[in-house]
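Chemist:
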Amino acid sequence: MAGTDSGNLKTVRLWRDAALRARKLRSNLRQLTLSAAGGSPGADQIDSPDAPQLVLPANIGDIEVLNLGNNGLEEVPDGLGSALGSLRVLVLRRNRFARLPPAVAELGHHLTELDVSHNRLSVLGAEVVSALRELRKLNLSHNQLPAMPAQLGALVHLEELDVSFNRLTHLPDSFSCLSHLRTLDVDHNQLTAFPRQLLQLAALEELDVSSNRLRGLPEDISALRALKILWLSGAELGTLPSGFCELASLESLMLDNNGLQALPAQFSRLQRLKMLNLSSNLFEEFPAALLPLAGLEELYLSRNQLTSVPSLISGLSRLLTLWLDNNRIRYLPDSIVELTGLEELVLQGNQIAVLPDNFGQLSRVGLWKIKDNPLIQPPYEVCMKGIPYIAAYQKELAHSQPAVQPRLKLLLMGHKAAGKTLLCHCLTEDRVEVSQGEGEKEKNYPASPPPVSKGIEVTSWTADASRGLRFIVYDLAGDESYEVIQPFFLSPGALYVLVVNLATYEPLRFPTTVGSFLHRVGARVPHAVVCIVGTHADLCGEQELEEKCLDIHRQIALQEKRDAEGLSRLAQVVDEALARDFELRSASPHAAYYGVSDKNLRRRKAHFQYLLNHRLQILSPVLPVSCRDPCQLKRLRDKLLSVAEHREIFPNLHRVLPRSWQVLEELHFQPPQAQRLWLSWWDSARLGLQAGLTEDRLQSALSYLHESGKLLYFEDSPALKEHVFHNLSRLIDILNVFFQRDPSLLLHKLLLGTNGEAEGEGESSPLMALPAPSQDTLRATQLHHYVEGFLLHGLLPAHVIRLLLKPHVQAQQDLQLLLELLEKMGLCYCLNKPKGKPLNGSTAWYKFPCYVQNEVPHAEAWINGTNLAGQSFVAEQLQIEYSFPFTFPPGLFARYSVQINSHVVHRSDGKLQIFAYRGKVPVVVSYRPAKGVLQPDTLSIASHASLPNIWTAWQAITPLVEELNVLLQEWPGLHYTVHILCSKCLKRGSPNPHAFPGDTDAFSACW
1 MAGTDSGNLK
11 TVRLWRDAAL
21 RARKLRSNLR
31 QLTLSAAGGS
41 PGADQIDSPD
51 APQLVLPANI
61 GDIEVLNLGN
71 NGLEEVPDGL
81 GSALGSLRVL
91 VLRRNRFARL
101 PPAVAELGHH
111 LTELDVSHNR
121 LSVLGAEVVS
131 ALRELRKLNL
141 SHNQLPAMPA
151 QLGALVHLEE
161 LDVSFNRLTH
171 LPDSFSCLSH
181 LRTLDVDHNQ
191 LTAFPRQLLQ
201 LAALEELDVS
211 SNRLRGLPED
221 ISALRALKIL
231 WLSGAELGTL
241 PSGFCELASL
251 ESLMLDNNGL
261 QALPAQFSRL
271 QRLKMLNLSS
281 NLFEEFPAAL
291 LPLAGLEELY
301 LSRNQLTSVP
311 SLISGLSRLL
321 TLWLDNNRIR
331 YLPDSIVELT
341 GLEELVLQGN
351 QIAVLPDNFG
361 QLSRVGLWKI
371 KDNPLIQPPY
381 EVCMKGIPYI
391 AAYQKELAHS
401 QPAVQPRLKL
411 LLMGHKAAGK
421 TLLCHCLTED
431 RVEVSQGEGE
441 KEKNYPASPP
451 PVSKGIEVTS
461 WTADASRGLR
471 FIVYDLAGDE
481 SYEVIQPFFL
491 SPGALYVLVV
501 NLATYEPLRF
511 PTTVGSFLHR
521 VGARVPHAVV
531 CIVGTHADLC
541 GEQELEEKCL
551 DIHRQIALQE
561 KRDAEGLSRL
571 AQVVDEALAR
581 DFELRSASPH
591 AAYYGVSDKN
601 LRRRKAHFQY
611 LLNHRLQILS
621 PVLPVSCRDP
631 CQLKRLRDKL
641 LSVAEHREIF
651 PNLHRVLPRS
661 WQVLEELHFQ
671 PPQAQRLWLS
681 WWDSARLGLQ
691 AGLTEDRLQS
701 ALSYLHESGK
711 LLYFEDSPAL
721 KEHVFHNLSR
731 LIDILNVFFQ
741 RDPSLLLHKL
751 LLGTNGEAEG
761 EGESSPLMAL
771 PAPSQDTLRA
781 TQLHHYVEGF
791 LLHGLLPAHV
801 IRLLLKPHVQ
811 AQQDLQLLLE
821 LLEKMGLCYC
831 LNKPKGKPLN
841 GSTAWYKFPC
851 YVQNEVPHAE
861 AWINGTNLAG
871 QSFVAEQLQI
881 EYSFPFTFPP
891 GLFARYSVQI
901 NSHVVHRSDG
911 KLQIFAYRGK
921 VPVVVSYRPA
931 KGVLQPDTLS
941 IASHASLPNI
951 WTAWQAITPL
961 VEELNVLLQE
971 WPGLHYTVHI
981 LCSKCLKRGS
991 PNPHAFPGDT
1001 DAFSACW
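Note that the sequence shown covers residues 1 to 1007 in full-length UniProt numbering.
1) Output needed for residue 724: all residues of its chain with C-beta closer than 7 Å, excluding positions within five of it in sequence on either side, in chain order.
2) Please determine, among 876, 391, 994, 464, the residue with the shortest C-alpha to C-alpha distance to residue 642.
3) What separation, rounded to the nearest whole angstrom, lies between the Cα atoms of residue 395 and residue 553?
4) For residue 817 and residue 209, what's the separation of their Cα atoms in angstroms?
5) What's the gap between the Cα of residue 281 and the Cα of residue 177?
6) For residue 55, which residues in the same chain have their Cβ closer than 7 Å to its Cβ, ignoring the five residues on either side in sequence?
7) Between residue 164 and residue 514, what straight-line distance do the alpha-carbon atoms span, to the nearest angstrom?
8) Three-state secondary structure (DSSP) at residue 474?
9) What number of angstroms, rounded off, separates the C-alpha of residue 302 from the C-alpha of residue 609?
10) The beta strand (DSSP E) that contains residue 884, what's its start and end?
11) Alpha carbon to alpha carbon, how far is residue 574 from residue 584? Give it in angstroms, no decimals.
12) Do you know offhand how far residue 758's Cα is from residue 780's?
13) Please determine, among 536, 804, 378, the residue with the shortest C-alpha to C-alpha distance to residue 360.
14) Quick check: residue 166 and residue 144, are their CB atoms within less than 8 Å of each other?
15) Going by DSSP in three states, residue 786 sits in which element: helix, strand or coil?
16) Can you grab the Cα-Cα spacing for the pair residue 241 / residue 252, in whole Å?
17) CA-CA distance, residue 104 and residue 127?
18) Under 7 Å Cβ to Cβ from residue 503, same chain only, skipping five residues before and after it: list those, please.
19) Would you please state the rounded distance, in angstroms, between the beta carbons of residue 270 and residue 299? I believe it to be under 8 Å.
20) Out of 471, 473, 516, which has the shortest C-alpha to C-alpha gap to residue 480?
21) Buried or exposed: residue 183, going by 16 or more other Cβ atoms within 10 Å of its Cβ?
22) Apply the 10 Å Cβ neighbour rule to residue 951 and answer buried if 16 or more other Cβ atoms are within range, or exposed otherwise.
23) Please determine if the region 461-476 and the region 521-528 are in contact, where contact requires at least 3 C-beta pairs separated by less than 8 Å.
24) When DSSP labels each residue in this structure, what does residue 799 get in the three-state scheme?
25) Restricting to runs no shorter than 4 residues, where is the alpha helix (DSSP H) found entirely within the region 361-419?
26) Taking 8 Å as the cut-off, decide whether the C-beta atoms of residue 856 and residue 913 are in contact.
27) Residue 457 to residue 733, Cα distance in whole Å?
28) Within the same chain, show all residues whose beta-carbon is closer than 8 Å to that of residue 133, passing over the 5 residues directly before and after it, in chain order.
29) In chain order, what residues of the same chain lie with their CB nearer than 6 Å to the CB of residue 237, ignoring the 5 residues before and after it?
30) Using C-beta distances below 8 Å, list every residue in its chain close to residue 192, excluding the 5 sequence neighbours before and after it, in chain order.
31) Report all residues from its chain with a CB closer than 6 Å to the CB of residue 340; omit the five preceding and five following residues, and keep chain order.
32) From this set, 614, 632, 102, 955, which residue's C-alpha is nearest residue 622's C-alpha?
33) Is residue 248 closer than 8 Å to residue 272 when the C-beta atoms are compared?
34) Quick one, are the C-beta atoms of residue 376 and residue 658 less than 8 Å apart?
35) When the Cα atoms are used, what is the spatial distance from residue 994 to residue 940?
36) What whole-angstrom Cβ distance do residue 500 and residue 534 have, given they're in contact under 8 Å?
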């Protein structure tokens, strides 16, 4: 994805410079902008069938700049030529002209600039073109021109010409007469060879012939000696002629999306080159001809096949931007740290395991991308934080003794009653014994009742003391109520064990017991390692056991094949869309990827390719296990150990850490601080001093421990940054309290909590102000009411939450910090907390959206008496729909409900819908689960407003869309689509409204 933007990063800069030049030239001119009656200059009138004619006002003879753009005109206003004797600049862009209006010819003796872009021109008209002899700037882009008239060559004063995004197959011979032409854009046409007429344009400084099937360049292209900017993106070039290297004035060169494998040896003659884009080519070796280009400032080599970077790259001392993403680079040269001026360094999608020492010297790097590399040193978590953290790690490593921590995260997943908890106990307890002699019987476990799951549990397991190999085992509860928090525990670098109860397994249950879990892990952690373990094997016959294991294996293969083929088809559709130019894609709203830019299409294709290249690593075959059979348990243990020690599968297991960081972690888990729920930052700082860490070096260590899941430290949260949550086991116990949906258990905890309050605080609790004779009965009744409200509506007051969490929470500060933490995690929000102000003693109520049971909000949420989700409106409707064809992230809707709370007011929640306001603008968020295997889950964000005020609806939903996009970034392996639903279809009440691709270029088509 990173590389797709490289071709456009400097486009903005180039167009900005051109716009500034034009603005400077026009700054002293008298200007007039006209729009159709009843419209506005910014309104798009192109789709209006009855666009009114414009009438020129009187006394405009001294007007020098006239803007008639965006009016849907087919003819210019009457009297245009005779009324504007001083006109120098005429803008007719975004209208409906099929040919140049004849009236324009009357302006030819003084018109210097004409913009007729974004029309329907199929012919220009020779007489009109001939009359424009004083023209210096002409924009004909985004039309339907198959050819240019020969009379164009008569415009001898022309300096800038844009004929991009047309249907040109050739240029007229007279083109060579444009001796003053400095800038030419002929990109996105249908040229099949480089136009030789251009070789006569000695003054040409900027040329764009991208997205034409040139397939080659003439040897005498060296004639264009004045050329400074040359764009040849997507021109199907396989080689460059040696004459190309004579373009000594070149400063900016775009050669991306071609088939280049090498550069000519003389390429190093281009000593003035400052920007070079070679992305999306076929380079297997770093082009040596680039190394002498000492003036190079920007270099893009994304999406090639490079395996290494030469040490001589340090000679490019002026380099500011270096993009090497999505190659096959295994290491970086030590000399790369000498490029101290670098501001952008993009390395994602390679095979880099170790960064060079002194990497922190690259302190100016602001844009840094390193994900999707098997990083060991520094650890992945450190690298993702940025260059300052890498510098701190390497500095700390130099100050203290290195330490290796062979410890792997092991997650047991599976459906409820799959046998995860029992399997966890059997694996982690040292009771596996196997008979040594043939005649000896195996020692089985005594028949004892299986352990009962208490929710999510964490266990430390020393699997091999001699090698110091340890696992941190997470037993993830299979109950649906835990789905909202399970994703927090799914992280890269872990080994996932999917547990299946073979005794109850049936082929029809594969989607719920196996398939959905694989989709979930793949979406959260692409390329994760998954081991399938079948439990209760002793309850199955030998043939039954074999058939069930084979069925699971077969259905996994079918699901993976189906998913991969689906992604390949989607990638093929993107390829087909890219093969058509933008104008063809935009010709019909029913075309695939209507209105989507090439840049965004390439981004989508890169994402599809990423998903295809990062499929789950599912270990085969299914391992059947009975917890009563020591042999089977030993085989499972041996399998887990052999996988864990595989350096290519788990490189992080062998990462090197500064000894001081390891000591800091150990100190956090030693008495007396080990028993506390949280530590202040200063408490951690004191522990850091004991570990040999000064205050300025502590931040990086805490950040690493947070990113690696050892503790929680939210340095970006004003409410939490002064605290360190090191006791994760207690936090998990607290989460388990909230997600056990057992009313009797919750009531029991509350009653125990009130007894503790009575003993410890007397009558300080609000619940203690009840009459003594009936205190127990009334207390139980009131608490039962709170439990009902929690399980039905997700509502709890703060003082009841405190009772529920005893003995985990002792002080009021503990409770407040914990609630801030839960809100940060997206699990709850405060209903009545004023923004930035305390509650002034009133009771704070908290909402847990995952507990809301009513599917739609209550009656008070109906907006102006009309249901936005299902009824037609007189106003225009704006609706953005996210579609999830493979899997919908568990708990996403509930977490999203929390994240948007700071943006909305007057909200009312349902299980599947949220009604609220953004200021005075109504918004509704809806989740629709899939009704069948072939149907996707959808999440939509909608609003409405009158057409003149539709921008207010956009402003209302924009922050909500941004919040959702932030949450979806936590699921890098997730495939989803975004569409804007047709406003006209919604207004008609259509059950299947047309969906436009969610690309900003296509937004205007929805109205």
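Every residue gets a Cβ at the ideal spot worked out from N, C-alpha and C, and that includes glycine.
Predicted model only: the values in this text are computed from it and were never measured.
Modeler: In short:
1) Within the same chain, and ignoring the five residues on either side of residue 724 in sequence, the residues whose Cβ sits closer than 7 Å to its Cβ are 678, 679, 681, 684, 702, 711, 713.
2) Comparing alpha carbon positions, the residue from 876, 391, 994, 464 closest to residue 642 is 464.
3) 48 Å
4) 60 Å
5) 35 Å
6) 77
7) 52 Å
8) strand
9) 14 Å
10) Going by DSSP, residue 884 is part of the beta strand (DSSP E) stretching over 876-884.
11) 14 Å
12) Reliability fails at residue 758, whose pLDDT of 48 lies under 50, so the model's placement of it is uncertain and no value is given.
13) 378
14) yes
15) helix
16) 18 Å
17) 10 Å
18) 536, 539, 540
19) Contact flag wrong, Cβ pair sits at about 13 Å.
20) 516
21) buried
22) Residue 951 is exposed by the Cβ-count criterion.
23) no
24) helix
25) 380-385, 387-399
26) yes
27) 8 Å
28) 108, 109, 154, 155, 156, 157
29) 258, listed in sequence order.
30) 169, 212, 213, 214, 215
31) Result list for residue 340: 361, in chain order.
32) Nearest to residue 622 by alpha-carbon distance, out of 614, 632, 102, 955, is 632.
33) With respect to the 8 Å criterion, residue 272 and residue 248 are classified as neighbours on the basis of their beta carbons.
34) It is not a contact, given that the beta carbons lie outside the stated cut-off.
35) Answer to the nearest angstrom: the Cα atoms are 14 Å apart.
36) 5 Å
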